[in-house]
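S.K.: Have a look at the structure that comes next, please.
Residue numbers (the numbering used here): 33 to 557.
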């Protein structure tokens, strides 16, 4: 009984706490700003780096309770919190998680401490501001995953856009202004259309004398049968397709990844791209199943997903910049996610969710490794290396392991998700599944070729002969991610068990919603 009460109390405050802890950390850094020196050291207090690390470690520890308090058999909202927010608009601070958002929250809280460690020596100016922005960004990202009020969701969606804009624009590479503006404009353009759709639904919810609402569950029943469903789906589709990013909305991504600092690239790949696919799972398809499952719409999206898989892999293969190669690989991997979602089988949806998690871990690890070698050699060009496995064996071993996981080698995390996506998609769309399979082959080609040129060719450049191997901080970061790679690859059942009821509910909601709309249409005739 006591354990039950502890769980109830924990679930009552956990989600608001996860949103407030990073904001409190950012406030601490801002308040102590007058005491900060150029390197972020506070007089009589820990450095800004240490404050950020402690805040994100606390965030991770607090969030891990969700893993045990979450009921794997439940498909509905858990750990809910609801409070008035903007009373005249009937908007509420309504929070909750299901099996899908649970994994996105935990992925976020795992990645953020590693992002701080990855920035430990590379960020040397405006350190306090940098880590404060990371904390505000974290609140925005977590808010996207736990919001049950659509206005709150939109606010959080926009909150996380601003910090990343400044992180790229201030601490990025030579073309950082161009990359940050492109990232901002692309994302904002899609977001404004989504806002129009949200406000349209809010106004439509007031029909019949009931007050207008932004409540997600209530809007589900309204949006299913709305006559403007196709247009509304288009508004949501554009916002989420840009964020995924789907082909041909992907052109902002390589620039943002290449110019962003290491932590920015890690967060973009591991977390922020997942917001697009999460948006399809949570909003676009459940709200407008008839529009999403319209044959020509579904075929178009599946076609774009497969094009993205193949195109991203082929373009990655010819990149001279290792960071840009990994950036284009994200276009390919997220194509698998979109294929799995729109194939709409339980296996394919679970596979899509596993790819989301695995891509976050493996690609985040690749960007961390690229950042480590860049700090030592100040170049990301593949041709600038060669044979460095003889000089940095620890780095080389980890790069091989992470690359194999990104390829999808059995017993690594990448295999589980892609296998489920392809098996599940083959049941409903064998043609698309067949062509998507070629993406696995191309992934092996571009990554193994890059590894060969970086690690195993002749050590023929004198500047590579004295590179230092990884230190304890870097090994700690990579150890966490490598452990996750093998754990998910060998024993994914605990994650699949927690996601399965929510994935099944998603498939059922879209399928029955589509069927109900068709039945109503026949009745009207």
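All C-beta atoms in this analysis are idealised placements derived from N, C-alpha and C, irrespective of residue type, glycine included.
(1) In three-state terms, what does DSSP make of residue 249?
(2) So what does residue 123 bridge to, in DSSP terms?
(3) Is residue 484 helix, strand or coil by DSSP?
(4) For residue 329 and residue 337, which I take to be in contact (beta-carbon distance under 8 Å), what is that distance rounded to the nearest angstrom?
(5) Count the other C-beta atoms from every protein chain shown that fall within 10 angstroms of the C-beta of residue 291, then say buried if there are 16 or more, exposed otherwise.
(6) Return the first residue and the last residue of the alpha helix (DSSP H) that residue 399 is part of.
(7) Would you kindly work out how many angstroms separate the C-alpha atoms of residue 524 and residue 532, rounded to a whole number?
(8) CA-CA distance, residue 283 and residue 214?
(9) Quick check: what's the CA-CA separation for residue 517 versus residue 446?
(10) When you compare only the Cα positions, how much space is there between residue 98 and residue 137?
(11) Spatial neighbours of residue 406 within its chain, please: C-beta separation below 7 Å, excluding the five flanking residues on both sides.
(12) By DSSP, does residue 413 sit in helix, in strand, or in coil?
(13) Taking its Cβ as the centre, do 16 or more other Cβ atoms sit within 10 Å of residue 351, making it buried, or is it exposed?
(14) Assuming residue 339 and residue 147 are in contact, meaning their beta carbons sit under 8 Å apart, how far apart are those beta carbons, in whole angstroms?
(15) Let me confirm a value: residue 46 is counted as buried when at least 16 other C-beta atoms fall within 10 Å, else exposed. Which label applies?
(16) Cβ atoms of residue 294 and residue 394: under 8 Å apart, would you say?
(17) Pull up the distance between the alpha-carbon of residue 345 and that of residue 466, whole angstroms please.
(18) Taking the beta carbon of residue 357 as the centre, do at least 16 other beta carbons fall within 10 Å, making it buried, or is it exposed?
(19) What does a CB cutoff of less than 7 Å around residue 116 pick up in its chain, not counting 5 residues either side in sequence?
(20) Note the first and the last residue of the continuous alpha helix (DSSP H) segment covering residue 235.
(21) Based on Cα-Cα distance, which residue from 265, 197 and 90 lies nearest to residue 217?
(22) From the DSSP secondary-structure annotation, give me the bridge partner or partners of residue 353.
(23) Taking 7 Å as the cut-off, is the C-beta of residue 101 nearer than that to any heavy atom in the ligand MN?
(24) Can you tell me which of 475, 499 and 453 puts its alpha carbon nearest to the alpha carbon of residue 410?
(25) Starting from residue 497, trace the alpha helix (DSSP H) both ways and give me its first and last residue.
(26) Report yes if the CB atom of residue 371 is closer than 8 Å to the CB atom of residue 334, and no otherwise.
(27) Hey, which unbroken runs of the alpha helix (DSSP H) at 4 residues or more fall wholly within the region 130-164?
(28) What is the residue span of the alpha helix (DSSP H) that residue 282 lies within?
(29) Nearest by alpha-carbon distance to residue 493: which of 149, 435, 414 and 529 is it?
(30) On the premise that residue 309 lies in contact with residue 122, defined as a C-beta separation below 8 Å, what is that separation, rounded to the nearest angstrom?
(31) Return yes when the Cβ of residue 168 is within less than 8 Å of the Cβ of residue 58, no when it is not.
(32) For residue 379, does the count of other Cβ atoms within 10 angstroms reach 16, so buried, or fall short, so exposed?
(33) Starting from the N-terminal side, write out each stretch of the beta strand (DSSP E) that is 3 residues or longer and does not extend beyond the region 277-350.
(34) Could you name the residues that DSSP lists as bridge partners for residue 560?
(35) Take residue 470 and list the residues in its own chain whose beta-carbon comes closer than 7 Å to its own, dropping the five residues that flank it on each side.
(36) Expressed to the nearest angstrom, what Euclidean distance is found between the alpha-carbon atoms of residue 49 and residue 514?
M.R.: From the atom records:
(1) By 1-based counting over the chain shown, the position of residue 249 is 217. In the structure shown, residue 249 sits in a helix (DSSP, three-state: H, G or I).
(2) Counting from 1 along the chain shown, the entry for residue 123 is found at position 91. DSSP, once it has assigned bridges, lists 118 as partnering residue 123.
(3) For this step, residue 484 is matched to residue 452 along the chain shown. Helix.
(4) By one-based count along the chain shown, residue 329 stands at place 297. By one-based count along the chain shown, residue 337 stands at place 305. Actually they are not in contact, since the Cβ atoms of residue 329 and residue 337 sit about 13 Å apart, beyond 8 Å.
(5) One-based indexing of the chain shown puts residue 291 at position 259. Residue 291 should be labelled buried.
(6) Counting from one through the chain shown, the residue named residue 399 turns up at place 367. Where residue 399 is concerned, the enclosing alpha helix (DSSP H) stretches over 378-409.
(7) For the purposes of this step, residue 524 is taken as residue 492 along the chain shown, with counting starting at 1. For the purposes of this step, residue 532 is taken as residue 500 along the chain shown, with counting starting at 1. Those two C-alpha atoms are separated by around 12 Å.
(8) Locating residue 283 in the chain shown gives position 251, where the first residue counts as 1. Locating residue 214 in the chain shown gives position 182, where the first residue counts as 1. The alpha-carbon atoms of residue 283 and residue 214 are separated by roughly 9 Å.
(9) Residue 517 sits at position 485 when you count from the first residue of the chain shown. Residue 446 sits at position 414 when you count from the first residue of the chain shown. CA-to-CA, the gap between residue 517 and residue 446 works out to about 8 Å.
(10) Within the chain shown, numbered from 1, the residue matching residue 98 stands at position 66. Within the chain shown, numbered from 1, the residue matching residue 137 stands at position 105. Cα-Cα distance, rounded: 9 Å.
(11) Taking the chain shown and counting its residues from 1, one reaches residue 406 at position 374. Once the five neighbours on either side are set aside, the close Cβ partners of residue 406 are 412.
(12) Here the question's residue 413 lines up with position 381 in the chain shown. Note: residue 413 maps to strand in three-state DSSP.
(13) Working through the chain shown from its first residue, we reach residue 351 at position 319. The residue is buried, with at least 16 neighbouring Cβ atoms inside 10 Å.
(14) Taking the first residue of the chain shown as position 1, residue 339 is located at position 307. Taking the first residue of the chain shown as position 1, residue 147 is located at position 115. Not really, about 31 Å apart at Cβ, beyond 8 Å.
(15) Position 14 of the chain shown, counted from the start, is the residue given in the question as residue 46. It is buried - the Cβ of residue 46 has at least 16 other Cβ atoms within 10 Å.
(16) One-based indexing of the chain shown puts residue 394 at position 362. One-based indexing of the chain shown puts residue 294 at position 262. By the CB criterion at 8 Å, residue 394 and residue 294 fall outside the cutoff.
(17) Residue numbering aside, residue 345 sits at position 313 when the chain shown is read from its first letter. Residue numbering aside, residue 466 sits at position 434 when the chain shown is read from its first letter. Those two C-alpha atoms are separated by around 16 Å.
(18) For the purposes of this step, residue 357 is taken as the residue at position 325 of the chain shown. Under this definition residue 357 is a buried residue.
(19) Here the question's residue 116 lines up with position 84 in the chain shown. So the list reads 124, once near-sequence residues are dropped.
(20) Walking along the chain shown from the start, residue 235 turns up at place 203. Annotation: the continuous alpha helix (DSSP H) that includes residue 235 extends over 208-236.
(21) For the purposes of this step, residue 217 is taken as the residue at position 185 of the chain shown. Comparing Cα positions, the closest option is 197.
(22) Position 321 of the chain shown, counted from the start, is the residue given in the question as residue 353. Residue pairing from DSSP places residue 353 in a beta bridge opposite 413.
(23) Looking at this structure, you won't find the ligand MN or any other ligand, since it has none at all.
(24) The residue labelled residue 410 in the question sits at position 378 within the chain shown. Per the Cα distances, 499.
(25) Taking the chain shown and counting its residues from 1, the one referred to as residue 497 is at position 465. Taken as a continuous stretch (DSSP letters only), residue 497 belongs to no alpha helix (DSSP H), as it is neither H nor E.
(26) Walking along the chain shown from the start, residue 371 turns up at place 339. Walking along the chain shown from the start, residue 334 turns up at place 302. Yes, they are a contact pair.
(27) Those alpha helix (DSSP H) runs which fall completely within the region 130-164 and span 4+ residues are 131-150.
(28) Within the chain shown, the letter at position 250 stands for residue 282. Counting along the chain, no alpha helix (DSSP H) covers residue 282, and no H or E run does either.
(29) If you number the chain shown from 1, residue 493 lands on position 461. Checking every option, the nearest Cα to that of residue 493 belongs to 414.
(30) Your numbering for residue 122 matches position 90 in the chain shown. Your numbering for residue 309 matches position 277 in the chain shown. Not really, about 29 Å apart at Cβ, beyond 8 Å.
(31) Along the chain shown, read from residue 1 onward, the residue named residue 58 stands at position 26. Along the chain shown, read from residue 1 onward, the residue named residue 168 stands at position 136. Contact flag set, yes.
(32) Here residue 379 corresponds to residue number 347 of the chain shown, with the count starting at 1. With 16 or more other Cβ atoms inside 10 Å of its own Cβ, residue 379 counts as buried.
(33) If we require 3 residues or more, the region 277-350 turns out to have no beta strand (DSSP E) run fully inside it.
(34) Residue 560 is absent from the structure shown; the chain starts at 33 and stops at 557.
(35) Translated into positions along the chain shown, residue 470 becomes position 438. For residue 470, where only same-chain residues beyond five positions count, the Cβ hits under 7 Å are 342.
(36) Counting from 1 along the chain shown, the entry for residue 49 is found at position 17. Counting from 1 along the chain shown, the entry for residue 514 is found at position 482. If I take the Cα positions, the gap works out to 29 Å.
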